[in-house]
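A.B. asks: Chains as they are written, first to last, in my numbering: chain A, 98 to 255; chain B, 98 to 255. Even for Gly, the Cβ is constructed at its ideal location relative to N, Cα and C. Note that this is a predicted model, so its numbers are computed, not measured.
Protein chains: 2
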Amino acid sequence: MALEGSVAFDDALRALEAHYLAMPPVAAMQPRIGGYDGERLTLVAPLSLHVNDKDCAFGGSLVSLMTLASWGLVTLKVKEAGLDADVFVADTDVRYLAPLYADLEAESSLDEGASWETFITTLRERGRARTTLACRVPLPEGGIATEARARYVAILRR
Amino acid sequence: MALEGSVAFDDALRALEAHYLAMPPVAAMQPRIGGYDGERLTLVAPLSLHVNDKDCAFGGSLVSLMTLASWGLVTLKVKEAGLDADVFVADTDVRYLAPLYADLEAESSLDEGASWETFITTLRERGRARTTLACRVPLPEGGIATEARARYVAILRR
């Protein structure tokens with residue numbers, strides 16, 4: 098929020114995109130940051146690279162993009178707080194609700210009941226914190242293709 | 098089991114591998130069938146293509162390989178029964194237990210309490226069936242890097 102519209106905000110998103118593309122399996126997915134408003138991070142990727150045998154989006158690609166979106170959101174929040182931490186995914190529950198025949202879009206935000214303030218305070222005080230993210234892949238016609246809840250852990254670097 | 102060691106067994110595995118590689122996001126992962134004994138299907142993929150920013154296996158790649166292994170096992174079982182069906186993943190619960198600094202290996206088998214006989218009988222009689230698979234990525238030093246339980250649905254083609 099503090100960074101929105103500022104040079105630092107743009108720099109943070111550019112750094113995150115570069116971070117993604119430095120990972121070989123992620124570069125192969127060609128994800129782009131579709132938007133970030135301080136609370137919700139959206140990643141997009143072209144369907145052509147992610148089609149399965151039924152001409153819709155491959156389940157593995159959907160999970161990968163959702164994992165990257167939530168990991169990216171936690172990473173942005175840690176950096177916005179001026180902290181330096183490694184961020185890990187701990188677990189993920191995915192529900193595939195409907196096939197997606199369009200470009201992939203994964204929208205990540207904090208899960209209901211979770212708080213960035215608590216997460217950052219805990220990370221700062223204990224050197225380690227955990228939070229839950231909710232991510233969804235919308236259908237272009239309305240509704241949801243795939244949704245996930247995932248827990249992420251951040252550990253301060255020494 | 099019936100097909101093991103036979104020409105049909107080898108043909109089925111070759112067809113499955115070709116099916117995998119026909120999907121662009123899967124071809125980019127370079128998975129190979131590491132083994133199949135009639136009950137357990139193992140897929141392998143090189144770490145070099147799947148490293149994250151911490152030089153270990155990317156979570157999205159681990160889920161993708163596990164998803165492919167379980168999907169492939171259901172597909173093989175449907176074909177062994179002489180049936181023609183589309184196979185879909187319905188949901189997946191993943192636990193990331195330890196980082197993996199070696200090539201990826203995903204071993205899929207039927208979950209405890211599930212039965213291929215029930216699954217195939219239901220599919221044959223009702224045109225649709227659902228079952229649960231368990232998949233794990235072992236650590237080379239022993240123990241488990243990542244494990245998943247996932248439900249798959251098969252629907253007979255008309």
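1. Under 7 Å between the Cβ atoms of L197(A) and A242(A)?
2. Note down, in chain order, each residue of its chain lying with its Cβ closer than 6 Å to the Cβ of T219(B), except the 5 sequence neighbours on either side.
3. For the segment 164 to 179 of chain A, which residues have a CB atom closer than 7 Å to at least one CB atom of chain B, in sequence order?
4. If you count every other CB in all the chains shown that lies within 10 Å of the CB of T215(A), and 16 or more means buried, which is it?
5. Would you tell me roughly how many angstroms separate the C-alpha atoms of R88(B) and D181(B), rounded to the nearest one?
6. Which value, in whole angstroms, describes the spacing of the CA atoms of A211(B) and A231(B)?
7. Given V148(A), which residues of its chain have a CB within under 8 Å of its CB, disregarding the five upstream and five downstream residues?
8. Should A155(B) be flagged as near chain A, meaning a C-beta pair shorter than 7 Å?
9. In the DSSP assignment, what residue or residues form a beta bridge with I241(B)?
10. Between which two residues does the alpha helix (DSSP H) holding E222(A) run?
11. Spell out whether any CB of chain A is found under 7 Å from the CB atom of P121(B).
12. Are the beta-carbon atoms belonging to L140(B) and L165(B) less than 7 Å from one another?
13. Between the C-alpha atoms of D152(B) and G179(A), what's the straight-line distance to the nearest angstrom?
14. Could you check whether the Cβ of D190(B) sits closer than 7 Å to any Cβ belonging to chain A?
15. Output, in chain order, the set of chain A residues within a Cβ distance shorter than 7 Å of V234(B).
16. When you compare only the Cα positions, how much space is there between T228(B) and D190(B)?
17. Using a Cβ cut-off of 7 Å (strictly closer), state whether S158(B) contacts chain A.
18. Is Y133(A) close to chain B, meaning its C-beta is less than 7 Å from at least one C-beta of that chain?
19. Can you pull the chain A residues whose beta carbon is under 9 Å from the beta carbon of S161(B), in chain order?
20. For R244(B), I'd like the list of residues in its chain whose CB is within less than 6 Å of its CB, leaving aside the five on either flank, ordered along the chain.
21. In chain B, what lies closer than 8 Å to L138(A) by C-beta?
22. Per DSSP, G132(A) forms a beta bridge with which residues?
23. Closer than 8 Å, Cβ to Cβ, to anything on chain A: give me those residues from the segment 140 to 152 of chain B, in chain order.
24. Answer yes or no: the CB of G132(B) versus the heavy atoms of the ligand ATP, is any distance below 6 Å?
25. Indicate whether at least one CB of chain B lies closer than 7 Å to the CB of V184(A).
26. Could you tell me which chain A residues have their CB closer than 7 Å to the CB of A187(B), listed as they occur along the chain?
27. Can you give me the start and stop residues for the alpha helix (DSSP H) that A182(B) sits inside?
28. Taking M126(A) as the reference, give the member of I217(A), G132(A), L162(A) with the closest Cα.
29. Name the residue from S205(A), A195(A), R254(A), D208(A) whose alpha carbon lies nearest to the alpha carbon of R221(A).
30. Specify, as a first and last residue, the run of the beta strand (DSSP E) that A203(A) falls within.
31. Under 7 Å between C-beta atoms, does A251(B) make it to chain A?
32. Nearest-angstrom Cα distance between A251(A) and R137(A)?
33. Going by CA-CA distance only, name the one from D108(B), V186(B), Y133(B) that's closest to E204(B).
C.D. replies: Straight from the coordinates:
1. Within the first sequence, residue 197(A) is the residue found at index 100, counting from 1. Within the first sequence, residue 242(A) is the residue found at index 145, counting from 1. It is a contact, given that the beta carbons lie within the stated cut-off.
2. As a working note, residue 219(B) is residue 122 in the second sequence. A226, listed in sequence order.
3. T164, L165
4. Position 118 of the first sequence, counted from the first residue, corresponds to residue 215(A). Exposed: under 16 other Cβ atoms inside 10 Å.
5. A query on residue 88(B) cannot be resolved here, the shown segment of chain B reaching from 98 to 255 and no further.
6. As a first step, residue 211(B) must be located in the second sequence, where it is residue number 114. As a first step, residue 231(B) must be located in the second sequence, where it is residue number 134. Whole-angstrom Cα-Cα distance: 10 Å.
7. Numbered from its first residue, the first sequence carries residue 148(A) at position 51. A154, F155.
8. Your numbering for residue 155(B) matches position 58 in the second sequence. The question names Ala, yet the displayed sequence has Phe at residue 155(B). Interface residue (Cβ-Cβ distance to chain A less than 7 Å): F155(B) is classified as such.
9. As a working mapping, residue 241(B) is identified with position 144 in the second sequence. The partner list for I241(B) (beta bridge, DSSP) reads P235(B).
10. Within the first sequence, residue 222(A) is the residue found at index 125, counting from 1. It spans 213 to 223 - the alpha helix (DSSP H) in which E222(A) sits, taken as one unbroken run.
11. For this step, residue 121(B) is matched to residue 24 along the second sequence. For P121(B), the answer is yes, since a Cβ of chain A falls inside 7 Å of its Cβ.
12. Within the second sequence, the letter at position 43 stands for residue 140(B). Within the second sequence, the letter at position 68 stands for residue 165(B). Yes, Cβ-Cβ distance for L140(B) and L165(B) is below 7 Å.
13. Locating residue 152(B) in the second sequence gives position 55, where the first residue counts as 1. Locating residue 179(A) in the first sequence gives position 82, where the first residue counts as 1. In a straight line, the C-alpha of D152(B) is about 24 Å away from that of G179(A).
14. Position 93 of the second sequence, counting from 1, holds the residue named residue 190(B). For D190(B), the answer is yes, since a Cβ of chain A falls inside 7 Å of its Cβ.
15. Reading the second sequence from its first residue, position 137 is the one you call residue 234(B). Neighbours of V234(B) on chain A: none; closest Cβ ~14 Å, over 7 Å.
16. For the purposes of this step, residue 228(B) is identified with residue 131 of the second sequence, where counting begins at 1. For the purposes of this step, residue 190(B) is identified with residue 93 of the second sequence, where counting begins at 1. Spanning the two alpha carbons is a distance of roughly 14 Å.
17. Here residue 158(B) corresponds to residue number 61 of the second sequence, with the count starting at 1. It does; some Cβ of chain A falls within 7 Å.
18. Residue numbering aside, residue 133(A) sits at position 36 when the first sequence is read from its first letter. No, Y133(A) does not count as interfacial toward chain B.
19. Residue 161(B) sits at position 64 when you count from the first residue of the second sequence. By Cβ distance, chain A contributes P122, F155, G156, G157, S158, V160, S161.
20. The residue you call residue 244(B) lines up with position 147 of the second sequence. Note that residue 244(B) is Glu in the sequence shown, not Arg. Taken in chain order, the residues that qualify are R192, R233.
21. For the purposes of this step, residue 138(A) is identified with residue 41 of the first sequence, where counting begins at 1. Those do not exist, as L138(A) stays about 16 Å from chain B at its closest Cβ, beyond 8 Å.
22. Here the question's residue 132(A) lines up with position 35 in the first sequence. Beta-bridge partners assigned by DSSP to G132(A): T139(A).
23. Closer than 8 Å at the C-beta level to chain A, one finds these residues of the segment 140 to 152 of chain B: S145, L146, H147, V148, N149, D150, K151.
24. Absent from the structure shown: the ligand ATP. Ligands present: none.
25. The residue given as residue 184(A) occupies position 87 in the first sequence. Judged by the 7 Å Cβ criterion, V184(A) is not in contact with chain B.
26. Reading the second sequence from its first residue, position 90 is the one you call residue 187(B). Under the 7 Å cutoff, chain A gives Y193.
27. What you label residue 182(B) is simply residue 85 of the second sequence in a count that begins at 1. No alpha helix (DSSP H) holds A182(B); the beta strand (DSSP E) holding it covers 182 to 193.
28. Along the first sequence, read from residue 1 onward, the residue named residue 126(A) stands at position 29. Out of I217(A), G132(A), L162(A), L162(A) has the C-alpha closest to the C-alpha of M126(A).
29. Here residue 221(A) corresponds to residue number 124 of the first sequence, with the count starting at 1. Comparing Cα positions, the closest option is R254(A).
30. Indexing the first sequence from 1 puts residue 203(A) at position 106. That run of the beta strand (DSSP E) goes 201 to 207.
31. Looking up residue 251(B) in the second sequence gives position 154. A251(B) does not count as touching chain A.
32. Along the first sequence, one-based indexing puts residue 251(A) at 154. Along the first sequence, one-based indexing puts residue 137(A) at 40. Their Cα atoms are separated by approximately 18 Å.
33. The sequence position of residue 204(B) within the second sequence is 107, counting from 1. Looking at the Cα atoms, Y133(B) is the closest of the given residues.
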